[in-house]
Each structure stands twice: as structure tokens, then as C-alpha cells.
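To keep things clear, I will list the structure first and then write my remarks on it.
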Amino acid sequence: MNGDFEFVKTKTQIRRLSDLARAIWNEHFPPIIGQEQVDYMVCRFQSESAISKQIRNEGYQYYFIPCDGKNVGFFAIRPDSDALFLSKIYILHDYRGRGLARVSFEFIEDQCRLLKLPRIRLTVNRGNARTVDIYRKIGFSIVRNQVVDIGGGFVMDDYVMEKPVPAKRD
């Protein structure tokens, strides 16, 4: 892994991304939020049309995470006025533990610095304890709880976490 992230912009890439999102969500999230909410959230937030809208209208930038010649994960970032919002970072189960997230976070931090933003902000499900622990280990801290009604009788019960990103010194 050398950090050659593929920027997602074409319809074909968006279709591949949506398929990858569906696979990752279905292998990771059913024990945390249940299959019904997984299906709802994938349809609402990770369908081809939802991703296209996020890119076209909402300022999201999606990138594939490559490994062994294929795309095994992805992340999405969006610059806000006071932080770089890391909306998503997901890696297929069989490819976790290979340093892919570390290299992805290095890239994300570099993007944060390029945009001259002081921090990265993300949300993570409060029941996703392993991921919360990983974020803490790499410098994120919980700044608040957040419960958002996403329709369909579901809520996102999340921690909002932030990590300061100081400018690099020469």
C-alpha cells in the first residue's frame, strides 16, 4: 500500500463504490445496528444515487483504498468551515490489520493541512466499541454524543470525535 488512492468521479466508479459499501456494511454492521437498519442505511446513504448526490451537491470527495490490485475499502471526506469531516472510512474484513487505515489517515491528515483546517471530525456508532478504541489510539477524542433521526424509524446514535491536525513543521 503506497497511498495511491483512486478519486471517485465516474458513474462506473460510483457503481463499484456502492457495491463495495454494501458488502462492507453487511459484513460489519448487522451485529451493531441490525440487518433492517443496515439495509435502510445502505439504500439511503450508499446507493449509487445517494453517492452521486453527495459528490455533486454536498461537497463529498470519495476515494477507493487499494490493496493487492483491487479496491478493498473507501473513505469520504468533506471540508467544513472549521474541520475536515471524515464521513466514512471502511475496509473489507479480510484486509484489516494491513496498515491500510493508517496510510488512509495520513492522506486524510495531509488533505486537512492542505485545506488549512485545524481538525478532523467524524461520527461513529456508540456501539462500535472496537472502532471507537482505534480512533482513540490514533488521537481522536469524543467531543459529544449525537442522536439523529434518519427516517424509517431509525436513529444514528453516535459519538462525534475530533482529532487536532497541526500544521507540519519544515
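Residue numbers (the working numbering): 3 to 172.
For every residue, glycine included, the Cβ atom is placed at its ideal position computed from N, Cα and C.
The structure displayed is predicted, hence computed values, not measured ones.
Assign residue i to one of three DSSP states: helix, strand, or coil.
| i | result |
| --- | --- |
| M163 | strand |
| Y97 | helix |
| I140 | coil |
| F31 | coil |
| A25 | helix |
| L19 | helix |
For residue i, which beta-bridge partners are listed by DSSP?
| i | result |
| --- | --- |
| N130 | Its beta-bridge partners do not exist; DSSP assigns none. |
| F9 | Y65 |
| Y92 | F76 |
| T125 | V162 |
| F156 | G153 |
Tell me the residue span of the alpha helix (DSSP H) that contains residue i.
| i | result |
| --- | --- |
| K55 | 50 to 59 |
| D151 | That residue, D151, is in no alpha helix (DSSP H); its beta strand (DSSP E) goes 143 to 153. |
| Y62 | Y62 -> no alpha helix (DSSP H), and no H or E assigned at all. |
| D82 | That residue, D82, is in no alpha helix (DSSP H); it is neither H nor E in DSSP. |
| A103 | 102 to 116 |
| D70 | Where D70 is concerned, there is no enclosing alpha helix (DSSP H), given that its DSSP letter is neither H nor E. |
Rounded to the nearest angstrom, how far is the Cβ of residue i from that of residue j, given a contact under 8 Å?
| i | j | result |
| --- | --- | --- |
| R121 | P81 | Their Cβ separation, rounded to whole angstroms, is 12 Å, which puts R121 and P81 out of contact at 8 Å. |
| L119 | M163 | L119 to M163, Cβ: 15 Å. No contact. |
| V74 | L94 | 5 Å |
| K90 | A78 | 4 Å |
**Request:** May I ask you to verify whether the stretch 98 to 106 touches the stretch 121 to 133, counting CB pairs closer than 8 Å and requiring at least 3?
**Result:** The stretch 98 to 106, when compared against the stretch 121 to 133, does not touch it at the 8 Å Cβ threshold.
**Prompt:** Does the stretch 5 to 12 touch the stretch 61 to 69, meaning 3 or more C-beta pairs lie closer than 8 Å?
**Reply:** At 8 Å Cβ cutoff, the stretches touch.
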